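Numbering (our numbering), first residue to last: 436 to 502.
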């Protein structure tokens, strides 16, 4: 993923159907190293995502965020 803004856009854009979620899951899995590298910058991203609508992306961010 090029940027955290792109991450939010992908999460919001690919959360509406099963096929979209499958694609989003693949994108997020490919971006895990990048997410871990940017872990200290992920907290504001959570504020942009409603966990009831974007649960897959929200969970990936939570799992990669450093507390």
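Cβ atoms here follow ideal geometry from the backbone N, Cα and C, with glycine treated the same way.
Just so we're clear, the structure is a prediction, and the values are computed from it rather than from any experiment.
DSSP, reduced to helix, strand and coil, places residue 482 within a helical segment of the structure shown. Bounds of any alpha helix (DSSP H) do not take in residue 488, whose DSSP letter is neither H nor E. Boundaries for residue 475: no alpha helix (DSSP H) harbours it, and the DSSP string shows neither H nor E there.
Rounded to whole angstroms, the gap between the alpha carbons of residue 496 and residue 481 is 7 angstroms. Here the C-alpha atom of residue 487 lies approximately 16 angstroms from the C-alpha atom of residue 445.
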